[in-house]
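*Asks:* Those letters in the sequence shown? Residues 1 to 368, by full-length UniProt numbering.
We put the beta carbon where it would ideally sit given N, CA and C, even for glycine.
All values derive from a computational prediction rather than experimental measurement.
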Amino acid sequence: MQTERIIKVVVTGAAGQIAYSLIPMIANGSVFGARRIHLAMVDLASVPPPRRLMCDNCHEELPPHQQPPARSTPQQMMEGVRMEIVDSDYPRVAKVSIHGNDDAGMSVALSGADYVLLLGAVPRRAGQLRKELIYANSKAFEVIGRQLQEFAPTHARILTVGNPANTNAWILTRACTKIPIRNFSCLSRLDHNRIIGQIMLKTGCSNEDVEGVMVFGNHSDCQYPSVAHATINGVPIQEVIKDDAWYEELTPLIQSRGKEVINKRGLSSAASAAKAIADHVRDWHFGTSGRIISMGLPSLGEYGVPRGLVWSYPVMIDETGVHVVQGFEMTEACVTQFEINQVQLETELAEAEHPDWTNEIAADPRFA
């Protein structure tokens, strides 16, 4: 009997919170079913030593007992996660490996990779301007894109999670030109799931009862969540939820949900983000069976979005690939929201020092 090939899944930012919630879902079969997996965990190859505290009066280093406790390095944290995976006896885990994010580590991690889940990004420093953060991430993702170009197979599927997710994914498509353009995606499934969660909260229905919710545009506070074509048990949502205030409040609620989680928890979304990543990758792997989901993709011009911009669309996935679901009416409000998102994404590209991005796309045969 022929043995199925092991699926290799690369997770960057593997020492972080989202990865800690996501990895058990990958390991227990929630993402790839009965297929066995090789989990390749990647994080910083090295970190600078912590700054030692000094005495304010004598300007000498404080004694050890007055220093803050040492923090585990990313490599140590990944080793701890690997120990937990072993201790959990997951039958579908064929191998777990740990790698640094330098070329030496990534050359091994990306070799033979089927899925590359980029959870990490450059975090915002105190006092840092937004445009400075976008520029810093663009440089970091140029490195990752080059590593994908050099070390990853052409069939690899790439998911960008770290923010600004759409622009980070765009940077990858510029630095890695050998991988098909629709093998790149960014996460908008968390926003999609948040809409469904609000519908469930309002009506008491199951998530399986809800179809046709959509997220358009950028993964930001400008995103355009839409329930205009949603149904609950096959019934148009407008016939089930007859509450104008609920519809008016839904868009700003979804747009600001991430910030609200941070305000309450003191940390960004982790468990819900991990669940959204698992949903995204599972549907990418198995297909959506005719259901609509939301997924950030490089635009091929659908709904008038300029080619190349990484844009959240309603999609269906089958054995032939990812297909943007077209034909939904563009209302005046929808056109306005699209324009807002396009301006924001183009601004991000300018801040990432790609102001001539349209010519870059025009020269890419994948958009021909």
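Here's the rule I'm using: 16 or more other beta-carbon atoms within 10 Å means buried, otherwise exposed. How should GLN128 be labelled?
*Replies:* Exposed: under 16 other Cβ atoms inside 10 Å.
*Asks:* With distance defined between alpha-carbon atoms, name the residue in ARG182, LYS202, SER226 and PRO24 nearest to ASP191.
*Replies:* ASP191 has its Cα closest to that of SER226, out of ARG182, LYS202, SER226 and PRO24.
*Asks:* Considering only the beta carbon of each residue, do residue 388 and ALA352 sit closer than 7 Å?
*Replies:* It is not possible to answer for residue 388, since the shown part of the chain is limited to 1 through 368.
*Asks:* Using 8 Å for Cβ pairs, my map puts MET316 next to THR336. What's the rounded Cβ distance?
*Replies:* Not confirmed; about 26 Å, so no contact.
*Asks:* Helix, strand or coil for GLU211 per DSSP?
*Replies:* Looking at GLU211 - three-state DSSP - the assignment turns out to be strand.
*Asks:* To the nearest angstrom, how far is it from the Cα of residue 369 to the Cα of ILE361?
*Replies:* Given that the chain is displayed from residue 1 to residue 368, the structure contains no residue 369 and the question cannot be resolved.
*Asks:* Among the residues of its own chain, which have a CB less than 8 Å from the CB of THR177, if the five just before and after it don't count?
*Replies:* Excluding sequence neighbours, THR177 sits near GLN149, ASP364 and ARG366.
*Asks:* Check for me: the beta strand (DSSP E) holding SER312 runs from which residue to which?
*Replies:* Segment 310-318, the beta strand (DSSP E) holding SER312.
*Asks:* For the stretch 242-316, list the beta strand (DSSP E) runs that are entirely contained and at least 3 residues long, ordered along the chain.
*Replies:* Within the stretch 242-316, the complete beta strand (DSSP E) runs of at least 3 residues are 293-298.
*Asks:* Looking at LEU39 and VAL9, is the spacing between their C-beta atoms short of 7 Å?
*Replies:* Yes, the pair counts as a contact, with Cβ atoms nearer than the cut-off.
*Asks:* State buried or exposed for LEU267, treating a residue as buried only when at least 16 other CB atoms are found within 10 Å of its CB.
*Replies:* So LEU267 ends up on the exposed side.
*Asks:* Would you be able to state if there are at least three C-beta pairs under 8 Å between the stretch 222-242 and the stretch 260-275?
*Replies:* No contact exists between the stretch 260-275 and the stretch 222-242.
*Asks:* Could you say if the stretch 179-188 and the stretch 233-244 meet the contact criterion of at least three C-beta pairs nearer than 8 Å?
*Replies:* Result no; under three Cβ-Cβ pairs closer than 8 Å.
*Asks:* Decide if the stretch 298-312 is in contact with the stretch 270-277; the criterion is three or more beta carbon pairs, one per stretch, under 8 Å apart.
*Replies:* With the cut-off at 8 Å, the stretch 298-312 and the stretch 270-277 do not touch.
*Asks:* To the nearest angstrom, how far is the alpha carbon of ALA278 from that of LEU309?
*Replies:* So the alpha carbons of these two residues sit roughly 24 Å apart.
*Asks:* Quick one: what's PHE184 bridged to in DSSP?
*Replies:* DSSP output for PHE184 lists ILE158 as bridge partner(s).
*Asks:* Could you give the DSSP three-state label for ASP89: helix, strand or coil?
*Replies:* Three-state result, ASP89: coil.
*Asks:* ILE181 and PRO314 - do their beta-carbons sit closer together than 7 Å?
*Replies:* Not a contact, by the Cβ cut-off of 7 Å.
*Asks:* Given a cut-off of 7 Å, decide if ARG189 and HIS323 are closer than it, judged by their beta-carbon atoms.
*Replies:* Contact flag unset, no.
*Asks:* Go to LYS139, then tell me how far its alpha helix (DSSP H) extends in each direction, as first and last residue.
*Replies:* Counting along the chain, the alpha helix (DSSP H) containing LYS139 begins and ends at 130-151.
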